[in-house]
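I have placed the structure first, in the form of structure tokens, so that the comments after it can refer back to it.
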Amino acid sequence: MKKWIVIAIGGLATALLLSLVCASDNHLPAGETVGQWWWFDRSALCAAMCIVVGTVLFRKTACPDFSAAVSWSLIGWAVVQAVMGLRQLYGFSASGHALYALTGSFFNPGPYSGYLGMVLPICLHEYLRLKAPVRYVAGGAALLMLCVLPAAMSRSAWVAAGVSCLWVYGCHAGWGQRLQQAWQTKRNKVLAVAGISICVVCLAGAGLFWLKPDSARGRLFMWRMTGRAICEKPWTGHGTGNFAAAYGKAQETYFAAGDYEAWEERVAGSPEYAFNEYLQAAVEYGIPTTLLLLAGVTVCWQAGRKKKRYGCCGALLSLGIFAFSSYPLQLPVFVVTGCCLLAASVTGNSRKGWIAVAVLAGGIGIGQFAADREAVKACKEWMNARLLYQNGAYDSAEKAYRQLYPVLKDRAAFLFEYGHGLHRQEKYSESNRILEEAALHSCDPMIWNIMGKNYQALGDGTRAETCFLHAVHLLPGRIYPYYLLAKLYASATYRNPEKLKEMKHIVLTKEPKVNSTAIRQMREEVNRLE
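When the letters of the sequence shown are read in order and numbered with mature numbering (1 follows the signal peptide of the UniProt record, and there is no 0), they come out as residues -23 to -1, 1 to 507.
What follows is the structure, given as structure tokens:
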């Protein structure tokens, strides 16, 4: 009886640690992650207390296996996500994004698919490892996830799930030993099979590329610009949270040179993330630190593989592959899950291991609780202030934004709204001061457009032109900054007929991504400029 109580306590503690996958709060801004961190703070404290109670009351009872607790907790939460996805697909509940039918508790289908793809190899491992009837529970969970995974249309998650499940099955089937034997006795056949496999992989890759070609080209271009940002500071990096600004600078320099293809202009954007965690880590922390982190993960993964914890190792492999073309580690759920999987790879059923987990979780919960609670409160107040901003009550909104500024001054969206509201009130100098801070956290060209309009209103045409050119070079495919330049060159204080003619030609002839009423109005207005 004591054994099952201890197992239940350990399972509850682990489930609490991993429960933030279902933590969502509609009262917070879309995509805001601080709510999940605050949820984790509370669940981590509860989990730590559960572990302490279990270890104190049942000192002589063997502790449950931490890797098994993590595996089955993840399977349970993934089943919850799969059911949520099915309900969304069939219209019984709303998704987390108006543009997508299937998101689970996430904001969009990408991370949702990545989460299910991460848990699939765990299900396969448990199915192959255990006997009936428990194995059928894992198998049923896997089938449930496979019902929704294709519908999410995430190529990265498909590849991650496929490769990791193949690796888990190969470990159970002893493919490594068979391959070594075949290499010694049938080397030519092995080479032939390897060649065919490479061809199949290339064809599959081409198929995935042409499934969404512009999306794939956009990722490749993004990685290229990220590489240029890395080259600027390869050893020390640009600092935590500075990816967007570093990326924007690299992209602006590239487009300003003028030597680029038309498709690059078409697919370029202003991303918050690199959609490649390895490159983003190199941008923010530098190459040496990134390699050290990868070495630590590899050591833990190898330890888990040697202990035959193929499920947790397969999940880490899936997460690692998914991280090549997405942004999982920008979301708390993947950070916490990844850390738990690493711990599960090296920790068994030792009491010391469980105590270490309790100390670490409790320490993080206590250390971050107050700050995260304050940030959550500020974000909820921001949502109320945003309603004032969106309805044009800029004076009232400004008072709220000023009070929230000390807590939310590292959020680009907050700073942009604050600065734009000041611009609308004709407080141009104050607006630029806030927008300059926003530019340190974002590569959105609209920041530079508003700053340029502020300088133009202040009578500083030279700095206004500089800001508008910043916006042009960040995203040369956008028509709006050319329109602003045309108006600047037509103004009495900064008139330039030659440049005006050039800007008018660009605005009137440039093909927009999407034709809209705003484009038509800009062209009509520019056509009247002389």
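All C-beta atoms, glycine included, are put in the ideal place defined by N, C-alpha and C. No experiment lies behind these values; they were computed from the predicted model shown.
- The DSSP-derived three-state label of N492 is coil.
- In this structure, L452 places its C-beta atom within 8 Å of the C-beta atom of S247.
- Assignment of N368 by DSSP, reduced to helix, strand and coil, places it in the coil class.
- Taking C-alpha positions only, G288 is separated from S90 by approximately 18 Å.
- When C-beta atoms of the segment 394 to 414 are compared with those of the segment 432 to 439, three or more pairs fall below 8 Å, so the two segments count as touching.
- Y255 is not a Cβ neighbour of Q307, given a cutoff of 8 Å.
- Within the same chain, Cβ atoms closer than 7 Å to the Cβ of R350 are found at W15, the five residues on either side in sequence being excluded.
- CA-to-CA, the gap between V449 and D236 works out to about 15 Å.
- Leaving aside the five residues that flank N326 on each side, the residues in its chain whose CB is nearer than 8 Å to its CB run, in chain order, A39, C40, P41, D42 and F43.
- Nearest to Y262 by alpha-carbon distance, out of Q228, I207, R505 and A137, is I207.
- Of the candidates V111, Q58, M360 and E502, Q58 places its Cα closest to the Cα of Y92.
- For Q279, the enclosing alpha helix (DSSP H) starts and ends at I264 to K283.
- Taking C-alpha positions only, C148 is separated from T314 by approximately 23 Å.
- Where K226 is concerned, the enclosing alpha helix (DSSP H) starts and stops at F220 to A234.
- Comparing alpha carbon positions, the residue from M95, P265 and V276 closest to A138 is M95.
- A Cβ-Cβ distance of about 4 Å is found for the pair A338 and A21, placing them in contact under the 8 Å criterion.
- Below 8 Å, enough C-beta pairs join the segment 221 to 237 and the segment 418 to 426 to call them touching: three or more.
- The beta carbon of A355 sits closer than 7 Å to those of L381, V384 and L385, all from its chain and outside the five residues before and after it, given in chain order.
- Counted as a single uninterrupted DSSP element, the alpha helix (DSSP H) harbouring G117 occupies residues V111 to V125.
- A234 is classed as exposed because its beta carbon has fewer than 16 other beta carbons within 10 Å across all chains shown.
- DSSP places N431 inside the alpha helix (DSSP H), whose first and last residues are P422 to A434.
- Between E209 and H447, the gap from beta carbon to beta carbon reaches 8 Å or more.
- Counted as a single uninterrupted DSSP element, the alpha helix (DSSP H) harbouring I(-19) occupies residues K(-22) to L(-7).
- When DSSP states are grouped into helix, strand and coil, G214 belongs to the coil group.
- Cβ contact annotation for G454 (same chain, cutoff 7 Å, sequence separation greater than five): E242, R243, A245 and K490, in chain order.
- Segment contact: the segment 113 to 124 against the segment 69 to 88, fewer than three CB-CB distances shorter than 8 Å; contact not assigned.
- By the CB criterion at 8 Å, G369 and S322 fall outside the cutoff.
- A direct Cα-to-Cα measurement between S295 and P88 gives close to 12 Å.
- If you look at A448, you'll find it in the alpha helix (DSSP H) that goes G438 to L451.
- The beta carbons of Y459 and V484 sit about 5 Å from each other, so the pair counts as a contact at 8 Å.
- Taking 8 Å as the cut-off, the beta carbon of A469 is found no closer than this to the beta carbon of M480.
- Under the three-state reduction of DSSP, R505 is assigned to coil, being neither helix nor strand.
- In this structure, the straight-line span from the alpha carbon of R401 to that of E375 is close to 11 Å.
- Shown here, C356 sits in a helix according to DSSP, grouped into three states.
- Straight-line measurement puts the Cα of G216 at about 16 Å from the Cα of A415.
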